[in-house]
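K.L.:
Reading the first sequence from the start, the letters are residues 13 to 484 in my numbering.
Note that the Cβ used here is the ideal one computed from N, Cα and C, for glycine as well.
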Amino acid sequence: MSLRFFNTYSRQLEEFTPRDPTSRKIDIYTCGPTVYSRAHIGNFRAYMFEDLLQRHLEARGYAVHRVMNITDVDDKTIRGAREAGIPLAKFTEQFKQAFFEDIETLRIKPADEFPAATDQRYIDKMIAMIETLMSRGLAYQADDKSVYFRINKFPNYGKLAHFDLSELKPTGRVRHDEYDKEHIGDFALWKAWDEEDGEVGWDSPWGRGRPGWHIECSAMATALLGDQIDIHCGGVDNIFPHHEAEIAQSEGVTGKKFARMWLHCAHLLVDGQKMAKSLVNFYTVPDVLAKGYTGRELRYALLRVHYRTQLNFTWEGMHEARESLERIDDWLMRLRECGASFQPANSGSGQVENLPHNFDDALDDDLNISAALGFLFETIRETNRAMDVDELEAATANAWLSWWERINRVLDLEKETADAIPPEISRLADERARARAEKNFARSDELRDQIAALGWQVRDTKDGQKLARRRT
RNA sequence: GGCGGGGUAGCCAAGUGGUAAGGCUGCGGUCUGCAAAACCGCUAUUCGCGGGUUCGAUUCCCGCCCCCGCCUCCA
Numbered sequence: 013m014s015l016r017f018f019n020t021y022s023r024q025l026e027e028f029t030p031r032d033p034t035s036r037k038i039d040i041y042t043c044g045p046t047v048y049s050r051a052h053i054g055n056f057r058a059y060m061f062e063d064l065l066q067r068h069l070e071a072r073g074y075a076v077h078r079v080m081n082i083t084d085v086d087d088k089t090i091r092g093a094r095e096a097g098i099p100l101a102k103f104t105e106q107f108k109q110a111f112f113e114d115i116e117t118l119r120i121k122p123a124d125e126f127p128a129a130t131d132q133r134y135i136d137k138m139i140a141m142i143e144t145l146m147s148r149g150l151a152y153q154a155d156d157k158s159v160y161f162r163i164n165k166f167p168n169y170g171k172l173a174h175f176d177l178s179e180l181k182p183t184g185r186v187r188h189d190e191y192d193k194e195h196i197g198d199f200a201l202w203k204a205w206d207e208e209d210g211e212v213g214w215d216s217p218w219g220r221g222r223p224g225w226h227i228e229c230s231a232m233a234t235a236l237l238g239d240q241i242d243i244h245c246g247g248v249d250n251i252f253p254h255h256e257a258e259i260a261q262s263e264g265v266t267g268k269k270f271a272r273m274w275l276h277c278a279h280l281l282v283d284g285q286k287m288a289k290s291l292v293n294f295y296t297v298p299d300v301l302a303k304g305y306t307g308r309e310l311r312y313a314l315l316r317v318h319y320r321t322q323l324n325f326t327w328e329g330m331h332e333a334r335e336s337l338e339r340i341d342d343w344l345m346r347l348r349e350c351g352a353s354f355q356p357a358n359s360g361s362g363q364v365e366n367l368p369h370n371f372d373d374a375l376d377d378d379l380n381i382s383a384a385l386g387f388l389f390e391t392i393r394e395t396n397r398a399m400d401v402d403e404l405e406a407a408t409a410n411a412w413l414s415w416w417e418r419i420n421r422v423l424d425l426e427k428e429t430a431d432a433i434p435p436e437i438s439r440l441a442d443e444r445a446r447a448r449a450e451k452n453f454a455r456s457d458e459l460r461d462q463i464a465a466l467g468w469q470v471r472d473t474k475d476g477q478k479l480a481r482r483r484t
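(1) For Phe453, I'd like the list of residues in its chain whose CB is within less than 8 Å of its CB, leaving aside the five on either flank, ordered along the chain.
(2) Could you check if Ser262 is buried or exposed, using at least 16 other CB atoms within 10 Å of its CB as the buried criterion?
(3) Under DSSP, the alpha helix (DSSP H) around Pro298 begins and ends at which residues?
(4) Quick check on Phe56: does DSSP put it in helix, strand or coil?
(5) With DSSP as the reference, identify every bridge partner of Arg471, one or two as the case may be.
(6) May I ask which residues mark the beginning and end of the beta strand (DSSP E) holding Tyr319?
(7) Examine the Cβ distances between the stretch 40 to 54 and the stretch 87 to 102 and report whether three or more of them are shorter than 8 Å.
(8) With 16 as the cutoff for other CB atoms within 10 Å, does Leu466 come out buried or exposed?
(9) Does the count of Cβ pairs from the stretch 343 to 350 and the stretch 402 to 410 closer than 8 Å reach three?
(10) Taking the alpha carbon of Asp400 as the point to measure from, which residue in Phe252, Lys474, Arg148 and Ile241 has its own alpha carbon closest?
(11) Quick check on DSSP: helix, strand or coil for Ala441?
(12) Going by C-alpha distance, which of Ile40, Ile53 and Arg444 is nearest Leu487?
(13) Is the beta carbon of Gly264 less than 7 Å from the beta carbon of Leu118?
(14) Could you work out which residue in Ala449, Asp472 and Leu440 is closest to Glu458 when comparing CA atoms only?
(15) Give every residue of the same chain whose Cβ lies closer than 8 Å to the Cβ of Glu143, excluding the five residues on either side of it in the sequence, and list them in chain order.
(16) Under three-state DSSP, which class holds Cys350?
(17) Would you decide whether Lys268 is buried or exposed? Buried here means 16 or more other CB atoms lie within 10 Å of its CB.
(18) So Ala154 packs on Asp192, CB below 8 Å; how close in whole Å?
(19) Count the C-beta pairs between the stretch 335 to 344 and the stretch 284 to 302 that are closer than 8 Å, then say yes if the count reaches three, no if not.
(20) Should Ser382 be labelled buried (16 or more other beta-carbon atoms within 10 Å of its own) or exposed?
(21) As a quick exercise: from Ser158, Thr20, Phe111 and Pro99, pick the residue whose alpha carbon is nearest that of Thr130.
(22) Could you check how far apart the C-beta atoms of Phe56 and Leu323 are, in whole angstroms? I think they sit under 8 Å.
(23) Provide the residue span of the alpha helix (DSSP H) that contains Arg460, from first to last.
(24) Return the CA-CA distance between Ser361 and Glu394, expressed in angstroms with no decimal places.
(25) Excluding the 5 residues preceding and the 5 following Ile163 in the sequence, name in chain order all residues of the same chain whose CB lies nearer than 7 Å to its CB.
(26) At 3 residues or longer, what runs of the beta strand (DSSP E) sit wholly inside the stretch 235 to 295?
(27) With a Cβ-Cβ cutoff of 7 Å, do Arg23 and Ala75 count as a contact?
(28) Could you tell me which of Met287, Glu125, Gly73 and Glu426 sits nearest to Thr34, measuring between CA atoms?
(29) So is Asp472 buried or exposed if we call it buried at 16+ other beta carbons inside 10 Å?
(30) Look at the Cβ atom of Asp84, then the Cβ atom of Ala128, and state whether they are nearer than 7 Å.
(31) Please tell me whether Pro223 and Met138 are closer than 7 Å, where the distance is taken between their beta carbons.
(32) Can you tell me where the beta strand (DSSP E) holding Arg78 begins and where it ends?
(33) Once the 5 residues before and after Ala123 are set aside, which same chain residues still bring their CB inside 8 Å of it?
(34) Determine the extent of the alpha helix (DSSP H) in which Phe17 is found, giving its start and end residues.
(35) From the DSSP secondary-structure annotation, give me the bridge partner or partners of Tyr160.
(36) State the Cα-Cα distance for the pair Lys303 and Gly54, rounded to the nearest angstrom.
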């Protein structure tokens, strides 16, 4: 099956082909966080989708070069810094750090580059792009000294969102400049300095000011990836106006098609509603950890629903994630024991080449993770059944382990580490083994309870006791 | 109003023009000293509603209802 994705631009599933068909290298640009507060789990749902996209493309043999921007100057960061009474860079730094901590907790692969909007290199690039747009009549400086993009000069504006521009009307969400612009839809490329900006500002041919939000992505994407990129991703809310503006700016400067494919992730809801700070349903990664869940469990919860479907986050869903992962953990433990059970006489460990590719094929189909996980769990049941009746050969078990290692490079869901058994637990377990040898089941059960109270679970198998860490 | 996404068992969620994957939960069973885990069975004659096309539709077409999102700086 060929790789295909739903392209927002065409609203259709399209076969994915890299822009350079002779190489396996592809470039992806993903919109990153605005560092004015700690990112919430909804933000990470989008980054999780991008992680899955990258990992699957890599599993299919592509060398992915991915850039994620960090927006560290905008209205909210400036306001936050002012209210905190500290410089902008110092204010945003804490949230940049928090962001990197969180993606590590969630095992999201870091992008190859995380350009920041305030980097002078990109400020220069933004100014250069705006100058080009001005020279082509695609931008103008208004009476308020800010520079705007003239959307009427860019016929494709609105194509990505499929919006009719004549329908654009003011919503009152914009702070100012309604009266200075030629068209209500014209967006700021360069914002003239005003008092609220304080120390924040850069000199430009149009006076002191700061970049508009959209231009930074166009500048950083083209600076790092060239005039054209293979895939551009973000949340659905970015489609309009942000990505529309990016297309207008980038193509207005380069004259080339900016992105070959646009992929957008649906929103995360909490208890059926949009997450909002005003409601009590606003969660960050640390909030979820504080409830006793692990990053891995949250990763599973965010990963398991198709990216174009709204994902309803609930604590019941977190519980489901935990239980599903334990099923995988137990399966792996069993497979490993089975695989190590004897050395096959004629080595030739496993028939990996015969294992099904359903998992990868499902992901080829617009990242159908639900179907992919379905195959995983079917496999788990079938191999468990074989192990129950001692009919799974060690070589086959090892082959399935190899298969798991392959798909786990995409899922990255394996338990952190094999938990070391603490001496105290070992001691109790040994004592319990002695009690059991003497058929002293009362003592055995008592010790099992003690072990459980310490967060461990003991299971009796035909090979003796098995200890496992349990978080529930 | 415009533009999207979606309505499948208690919950989450795949899927196909030919009669409904998988996960979680619950119940019953096998195994176990008892558990746990695993396995087996049961939980949608039915896929928002009404028509139509078809030998046959949940899947295609038409109409309707409902939910969610976007419509200028929110992933």
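P.N.:
Considering the structure as presented:
(1) Ala447
(2) buried
(3) Val297 to Ala302
(4) helix
(5) Residue pairing for Arg471: DSSP places it in a beta bridge opposite Lys478.
(6) Here Tyr319 belongs to no beta strand (DSSP E), and DSSP marks it neither H nor E.
(7) Contact between the stretch 40 to 54 and the stretch 87 to 102 is present, because at least three Cβ pairs lie under 8 Å.
(8) exposed
(9) yes
(10) Lys474
(11) helix
(12) Only positions 13 to 484 of the chain appear in this structure, which leaves residue 487 out of reach.
(13) no
(14) Leu440
(15) Pro217
(16) helix
(17) Lys268 comes out exposed.
(18) 4 Å
(19) Touching, no.
(20) exposed
(21) Pro99
(22) Contact flag wrong, Cβ pair sits at about 11 Å.
(23) Phe453 to Ala465
(24) Note that Ser361 scores a pLDDT of 47, beneath 50, so its modelled location is shaky and nothing firm can be said.
(25) Tyr169, Leu177, His195, Gly197, Asp198 and Ala260
(26) 241 to 247, 271 to 277 and 280 to 282
(27) At the C-beta level, Arg23 and Ala75 stay beyond 7 Å of one another.
(28) Residue Gly73 is the option with its Cα nearest to Thr34.
(29) exposed
(30) yes
(31) yes
(32) Ala75 to Met80
(33) So the qualifying residues of the chain are Thr42, Gly44, Arg78, Val79 and Met80.
(34) First-last for Phe17: Arg16 to Asn19, but that is the beta strand (DSSP E), not the alpha helix (DSSP H).
(35) According to DSSP, Tyr160 bridges with Tyr152 and Ala200.
(36) 17 Å
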